[in-house]
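Have a look at the structure below before the remarks.
Right under this line is the structure:
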């Protein structure tokens, strides 16, 4: 038997490939050429057939690759019978068994994160569980968020999750290997460990959320503060009805300056260079989303129906950026400026700057009262401390909250290190703000310098934001 | 027979590998792990022995790889009998023949660029010339510079070059393939074509310098304005006595912030990020040399005896930067800040900025008289036009010319596109200038915008600069 | 300007990519994913558009990739107006000009190899020719075969070729670079040099066929003895009407032994292992075609309409073998035995052997009279010597000539080194011969041992074979 | 925290890299350029320092890479205080703790496989064990062999191992991840699972050896029948005093036929082609060791002090073969025949054949009594069945047992599939046997065909063989 975890940078998602005796199972493949190819290669390299493609639940944070992988392999797609998926082959329920080679996967219904969450328990013919693929129910060091299905069912979901974990998953045994769908950095849980290895027993002993009684657990889960990316709606749709095949996506074309200038008229530009590079000079009106940030933030800013242009640090970054867009279901990245910003600047085209600012300077200017500071991190981060006097607006909510932000004096955006701050600054500039600063190093640098921090009372984002 | 040209980015240098019947010759290998490995691989892949390593002359612009390649292969090193090389095996003179496989290389003495320049003419047993490896004598679209051996012998060299080309090289025949040591972008000639393919006949018909009579040619060559990098002295030494083996070089270590901060006390930092990224925020006191610029500009700024630190955009760039340093004979790049500028900024360390400025803004500020402009390009570029009122100081001469540059108002540096401008700006900042601007797009953008241009009378750089 | 030659292993074909000022031309692309991708990458890497895809003539020995490349780029396909191509965009005639960037290609009609052969002459705006892309008219060290259009027009073609070379191509000038469509090893010419570099002048002086007068040239060309692969018919069809897109090809599936056994019932197996490996044990009834031989010999043995199976030395060889099949227009390679011959033998399946024999043993057995020898090389090779007493049947004609080959005693096949001999042996075994030997080292080893050689009078292959 | 398992093909060994908070630990690195580089890259890629290099015991089956890795990193080498290692830095005993980043490794003394075997238990600051690195004490599905320290202490070792597992390792808890030094295919245990994932609890429940009482366990371990490769002596020496640095090894040179013929006079040739290829023709006197078999079998056949030559299927296999030799401590592979067997055969050099035979033919010839069969597998394999009448001599013992093998009639060698059989056949041929057969498919094919099998009483190899 072999087992492979295929991690997605940025998204912190795990696809699992398990093979035994010439047959294989893939769990939660991503709609991403590399992920699909890896599965194919693992199968081919072992003279193995992929028999099942299994989903742990209807994912919200990325587009599922089941449809693409099925087309390539002829495997059957299995998912929960509790959701009206329209593209699968097997509707799974508690107690179902999926044999492959000398191994078997047993299905547990483990709702809470979503109502259709399944856990797959792997065992050999002796029936002794070896591993549990828990999807977004149980993470290493955390548990899945419970707010996605809606405000009104949050408590119900939290209770369901408690019972899924304590009555279904943990009883499989301390010795069982834990293979969740996400690792540290995922938007599907708070405080997920940066470690990939664990067991149910190790979690039982060390995962703080597992030693709570039901009511404490529920209270804790209800207090977790999440933002809900607007693109989740699209993911839910795609992951219910099946996304278009990867081969149907536009391919970003290498554009000359003339072509790019023509295209830019009615298409947004996403600039994936680093924040200091963006700050030092960019095409007026561009969004700043650093390369790794492309795994998530386009979901807050881009329309699905509108073509998008890229401006990258190096031409080869286009491939990476577009891979991330594919995961999010964006299929209309139509081109990039071949040769990058140099081509733009060397032609004497207009250039816009974002002022970069160190925390030391920020500290001085805040004291002098000549700058406004907006913290664009998430509520869960604010709770752990902010710069005194900073306004709090999550970067994804900035476009809607512009009326709240003063235009009469310089304004600085701050996040944890300066990446999301640069997104925020670019949103402000697009909206006509002219004296915008991004704090390099962000709150992390602020704390490292030992400057004053205050702990605000953070209220959950407004319902309309949570549910969008 | 196979022939391979191995081009060096930035340096625009060509190493040639020619094999025939189980034996091979390498012409002008570079001291660069990749170049040496390529030669080894070409030989191994054809079950071929490298028999000769030949040098066209004592190179000044890069470190020769003959010693390393000889150690790996046991091949004999051949070079001119006219120079007291101390590491070679065969002292070559006019008329010598070097047989390998079914082919032969005949030696022509073709002085002018240097007094020891050789041309190797390739032919089969029928004696009909097939190709000429002309080193720095004849380029595609140009000829070699004649200023390097010294002011006093420039005219003598120009005449020698004229005769080398017309009496030695061209008589080999129109049909002969031309394989020079450099392509477009080299510091060893002006106006070299960006094309790699030519023949002696095509040059005879199209290369403007070849249709001049001797006196016009000499006059033209004497009027060519070159700068002479300070590192050429080191190259000459190395290429006379043989450089240290590559394996003796320091390897740049991945340093933590604490280690980097410790090391930085008495070591210069070279920041290889793009100019806008450098402008948007950098470690105070760093030199800005963009990655490709590392093929040349360290030679103007760094001491050979002093350890150097790198700050790169991506950690993998360290390998590229250090490869370029090896070519220039720099062996003491001791480390880099692992994780790059993010690590610096996130710790709340002090940050310095270079203002980036577009040509549009520059135009406005020059008109308003509130900025000084220094053009840091080369004399040969100034001759073709500058911004009215700009001071002219080549970037490599800036450190010595600081007293000429005013400190009392904002100062902008301009090059052709903004790369060397960023080097210049960083030199000024290191010298304590505080209000420094780099013109993004440089003179190219200025011209593209149609702004006013003037054509200055450019005098050659002062002798002490030319000869250093 | 950049120029790249992309060579095809085995086929000895050159695709050329030339770019200038943001526009590029591709000459004779192959229907091969790698070749198409290389063109795309070269273009993208230089921010260049492919403007023209040009064909030198209707190729017979490989499938053209113009249709695929056009689909990816939108470039225009240009070819001779003398042939009723049904998929192109521009019908070219003598004197036409194709500008791209700062360069231009001028069209010369240079018939002889085919009636539609064109030569493209490259020059800059000064009109001075730099290079000639001569297709199959003029090779380095040879000229194109003239037998393909049919027995009745051979002399006419030879004369046409003479005039194309002497009246059209050579007049471009000695200094002109020569870029032909094929190198050594191609079936489109005899005695092509193994060198890639030449000029028209160097050929004029060294290419024996160019110093002949017209009648000697014609006589020489008429005496060249070629075989005409049966698959050329298919190539002509494809290259006239455009082949199916690469994406429509079957992909070879990794098959389990059970699947492979099922598939093998009515599908031929091609075993691409080395001759000694094939000799040491193979699946009864397989064809032996060594991996590199897949570039040509499937064309003699496989039906286009029938699915084929592969048995390779290493699973990764499947990709290489199928790439070669694509070039030949074979689109129905449906699968391979995953895990290779080990899987077959370890299951206890029947095994067939070809006896391998050294020339030393062959010599002894021929002397003893207990073995028959068939030389399966080509007529042009027989002319230069054979083993006394050997029958001569080209390997591609063996299936039709079986009635001529004795079954009553051991029979050995011999080629130049043992590769085609193994193909021949496998053909005999498929036909029921049971005591078959392949001569390892072939005629080369025989000569190296100094054994007796005789020079037979070789008649051209029968017309029906030549024209098929 | 990250954890990486780096598996060695063939050897089935695991190197572990664990990092936390900027510091890393490597457990049991191999003396193999790739393994060392992987560790360096993992460290560099995470801006991490390797702090400790830990050994679980003095390994016998491969050469340790600690010395090389220390030279590259400056890390400290830790190993058992119970063995007089002469190259390490830290002598470890029960209860020692090795902190790195936020994690800690605790040392358990777990003798049995060797007297110096250690288990490292990984935990965070909470002290709850997360994983156990058990070396050769506890494998997945098996336990370590106990015969290596000598016949006289076997029982003592078996008892020690029982207590190490039950009193030391398992008490860490069911939930603890199990990371042993070897996987399926290792010579250090029988019946190791082909799976890489397990926990102490899963082993407790499913590993048959763990549910035995002490006496049954001891009896079982004493009955395990192992062969003891002669090269283990060298490994013990190297792993006690530290092997020479990798950089001091000879590099295999690409040799021409003439050079190879010169070298072959007093150097053995190892032919790494597949058994059918070797059978179909080889250089007289070569050893046949298939490529993957180079991970182990040179240890039985080659002298450490004598230079060796390679003959490979493809030139690039040389790198792989030499990597495997480095692991075994062989540093004198001086060259290979560039171009492979083709070069040999095409020169008309003498060729030797091994007859390959299918089990079907074998069955017939055994019935006819005209062939002798020698089973060259290991005792542990014979116990599970042999062909009736087969002699049993392990392939590694063949050179010493030749007097027992009849020369008067054809002789066949058989292993499980035909790989070791080919080694055996080549040993016989070197010894002058002239009518040697290798059974393709081996015992596996025999059983698959349903032929008769008998179960012999196998006695342990003679002490002198076991202890060598």
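Residue numbers (the UniProt record's numbering), protein chains in the order written: chain A, 1 to 468; chain B, 1 to 468; chain C, 1 to 468; chain D, 1 to 468.
Here a beta-carbon is modelled for each residue, glycine too, at the ideal position from N, C-alpha and C.
- In this structure, residue 337/B keeps its C-beta atom at 7 angstroms or more from the C-beta atom of residue 394/B.
- Just measuring C-alpha positions, the residue of 427/C, 416/C and 390/C sitting nearest residue 400/C is 427/C.
- Using a 10 angstroms sphere on the CB of residue 453/A, the tally of other CB atoms stays under 16, which defines it as exposed.
- Contact annotation: the stretch 220 to 232 of chain D touches the stretch 130 to 147 of chain D, with at least three C-beta pairs closer than 8 angstroms.
- Look at residue 139/A here: in three-state DSSP terms it is strand.
- One thing to note: residue 98/A has its Cβ no nearer than 7 angstroms to the Cβ of residue 108/A.
- If you check the CB distance, residue 348/C and residue 359/D come in under 7 angstroms.
- The C-beta distance from residue 275/A to residue 438/A rounds to 6 angstroms, short enough to meet the 8 angstroms contact threshold.
- In this model, residue 73/C and residue 54/C are separated by some 14 angstroms (Cα to Cα).
- Rounded to whole angstroms, the gap between the alpha carbons of residue 420/B and residue 299/B is 13 angstroms.
- For residue 356/B, the nearest beta carbon of chain A is closer than 7 angstroms to its own beta carbon.
- Counting other Cβ atoms within 10 Å of its Cβ, residue 86/C stays below 16 and is therefore classed as exposed.
- Residues of the same chain with a CB within less than 6 angstroms of the CB of residue 277/C, apart from the 5 flanking positions on each side, do not exist.
- A direct Cα-to-Cα measurement between residue 155/A and residue 147/A gives close to 9 angstroms.
- Close to residue 444/D, with beta-carbon spacing below 7 angstroms, are these residues of chain C in chain order: 346.
- Taking a beta-carbon distance threshold of 7 angstroms, residue 389/A does not count as an interface residue toward chain C.
- If you compare the alpha carbons of 212/B, 295/B, 250/B and 93/B with that of residue 231/B, the shortest gap goes to 295/B.
- Per the DSSP secondary-structure output, residue 17/B pairs in a beta bridge with 4/B and 26/B.
- For the stretch 114 to 131 of chain A, the set of positions with a beta-carbon nearer than 9 angstroms to some beta-carbon of chain D reads 124, 126, 128, 129, 130 and 131 in chain order.
- Contact check for residue 116/D against residue 30/D fails: the beta carbons are separated by 7 angstroms or more.
- Taking the Cα positions, residue 344/B is about 28 angstroms away from residue 456/A.
- Around residue 371/C, no beta-carbon contact reaches into chain D at under 8 angstroms, the shortest distance being about 16 angstroms.
- Residues of the stretch 192 to 207 of chain D that bring their beta carbon within less than 9 angstroms of a beta carbon in chain A comprise 193, 194, 195, 196, 197, 198, 199, 200, 201, 202, 203, 204, 205 and 206, in sequence order.
- Distance from residue 130/B to residue 202/C at the Cβ level is roughly 6 angstroms; contact confirmed, criterion being Cβ atoms closer than 8 angstroms.
- The Cβ atoms of residue 133/A and residue 162/A lie no closer than 7 angstroms to each other.
- A Cβ-Cβ contact shorter than 7 angstroms links residue 20/D with residue 103/D.
- Nearest CB-CB separation between residue 175/C and chain B: below the 7 angstroms threshold.
- For residue 215/C, the enclosing alpha helix (DSSP H) covers residues 214 to 223.
- At a cut-off of 7 angstroms between C-beta atoms, residue 188/C does not count as an interface residue with respect to chain A.
- Under the 7 angstroms criterion on CB atoms, residue 1/C is classed as interfacial with respect to chain B.
- For the options 194/C, 198/C, 373/C and 166/C, the alpha carbon positioned closest to that of residue 211/C is the one of 166/C.
- Counting along the chain, no beta strand (DSSP E) covers residue 451/A, and no H or E run does either.
- Remark: three or more beta-carbon pairs, one from each stretch, lie closer than 8 angstroms, so the stretch 1 to 19 of chain C and the stretch 182 to 201 of chain B are flagged as touching.
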